[in-house]
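The opening residue of the sequence shown carries number 128 in our numbering; numbering runs sequentially from there.
From the three backbone atoms N, C-alpha and C, an ideal C-beta is built for every residue, glycine too.
Before any comments, here is the structure.
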Amino acid sequence: MPAPERLPAPGVSTGGELEELLAEGELNVVGRIREASNAVLLCTVTHDGVSADCVYKPVKGERPLWDFPDGNLAQREVAAYLVSEATGWGLVPTTVLRDGPYGEGMVQQWIEAVAEDNPAAGLLALVDGEEAGEGWKPVAFADVGEGRTALLVHADDTRLRRLSVLDAVINNGDRKGGHLLPAPDGRLYGIDHGVSFHTEDKLRTLLWGWAGEPLTDEAREVLAALTAQLAEGAPLATRLAQLITTVELAAVRERVARLLRTGIHPQPSGQWPSIPWPPV
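So this is what it looks like as structure tokens:
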């Protein structure tokens, strides 16, 4: 039997083909990613002679959280992918919900980041002084030991700016540096969206550099289009209703409406830590 064909680089295959592969293919567990707080398994998935690497997060391996219902982080990951696709920005790797070797879970396209030892290379930095410098946006001062502080900055990058808007829509509570994956084809992906879609403001991110600044014209157009897709009975709204609760879906609509109404990137509320820990 010939070896299965490897998928081209991310972004080359159509989304529908990749979704079918992830949803219908045979999962084979290769190993476990031990740095993750929940069970994250590296797998290969094969279907109709095509094979690809993927990540499988079984619901049974989720660690209970006090502020999220047990056993539904996988659904939130899929919901984040659906919203990302609806924006047209393609910021979340293709993600499906399916049965696997250890029961139902999230299966997501594996993204080979440009720099394996530092996925956010070139996107985040610590600098001396109080100015971010040209091409960078300031986030916060960080303790770097021995009584010294440095300014945490992120790149003034269109891809990051789009991701910050997506995070505001889905109320992402965990946008760490390690969740930013720059791919070899120049695209940027965000991963780990299990703690998203809460009804309370839980936005925690390293991408505060645009806080309080006007949204781009592109972002406003995307949000306006997203409003229609979130209307009751629309395909996106119907699929989201199968993954998150009714009140959480209503909160998504309200966040989109608020962004359009204010016309600015959100700012930290002061009622919740604004930066995730650990930040990387």
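Buried versus exposed, by CB contacts within 10 Å (16 or more), residue i
| i | result |
| --- | --- |
| I160 | exposed |
| K187 | exposed |
| C181 | buried |
| G397 | exposed |
| L253 | exposed |
| Q369 | exposed |
| P400 | exposed |
| R385 | exposed |
| E337 | Looking at the sequence itself, residue 337 is Trp, so the reference to Glu does not match. It counts as buried. |
| T221 | buried |
| P210 | The residue asked about is misnamed: residue 210 is Val in this sequence, not Pro. With 16 or more other Cβ atoms within 10 Å, it is buried. |
| T389 | exposed |
| P246 | Residue placement at P246 is flagged as unreliable, the pLDDT there being 47, under the threshold of 50; the coordinate-derived value follows with that caveat. It is buried - the Cβ of P246 has at least 16 other Cβ atoms within 10 Å. |
| V156 | exposed |
| G249 | exposed |
| W216 | buried |
| G260 | exposed |
| D175 | exposed |
| D294 | buried |
| W404 | exposed |
| A240 | buried |
| A282 | buried |
Proximity of residue i and residue j at Cβ, strictly below 8 Å
| i | j | result |
| --- | --- | --- |
| G339 | V322 | no |
| E144 | V223 | no |
| E204 | N165 | no |
| T326 | E375 | yes |
| V349 | T214 | yes |
| N298 | R382 | yes |
| L342 | H392 | yes |
| V234 | Y183 | yes |
| P173 | G158 | Looking at the sequence provided, one finds Thr at residue 173 rather than Pro. No. |
| Q236 | A150 | no |
| A125 | V292 | Outside the modelled stretch of the chain, which goes from 128 to 407, sits residue 125, for which no answer is possible. |
| L251 | G304 | yes |
| L154 | C170 | yes |
| V167 | L148 | no |
Strand pairing of residue i, partner residues [DSSP]
| i | result |
| --- | --- |
| R275 | G272 |
| W263 | A282 |
| I391 | P341 |
| D226 | E231 |
| A252 | V280 |
| Q236 | C181 |
| E153 | T173 |
Closer than 7 Å: residue i CB and nearest the ligand MG heavy atom
| i | result |
| --- | --- |
| A163 | The model on display carries no ligand, and the ligand MG is accordingly not part of it. |
Length-filtered (4 minimum) alpha helix (DSSP H) runs lying within the stretch 291-377: The stretch 291-377 contains these whole alpha helix (DSSP H) runs: 344-356 and 362-368.
At least three beta-carbon pairs within less than 8 Å, the stretch 187-199 to the stretch 270-285: No: the two stretches stay apart, fewer than three of their Cβ pairs being nearer than 8 Å.
Any chance the stretch 293-308 sits against the stretch 254-265, with 3 or more Cβ pairs inside 8 Å? No, because fewer than three Cβ pairs between the stretch 293-308 and the stretch 254-265 fall closer than 8 Å, the two stretches do not touch.
Three or more C-beta pairs below 8 Å linking the stretch 311-320 and the stretch 359-367: With a cut-off of 8 Å, the stretch 359-367 and the stretch 311-320 do not count as touching, because too few Cβ pairs lie within range.
I'd like to know if the stretch 278-295 and the stretch 327-334 are in contact, where contact means that at least 3 CB-CB pairs between them fall below 8 Å. Yes, the stretch 278-295 touches the stretch 327-334.
Let me know the beta strand (DSSP E) ranges lying completely inside the stretch 156-212, each 3 residues or longer, listed in chain order. Restricting attention to beta strand (DSSP E) runs no shorter than 3 residues, the stretch 156-212 encloses them at 168-174 and 177-185, ordered along the chain.
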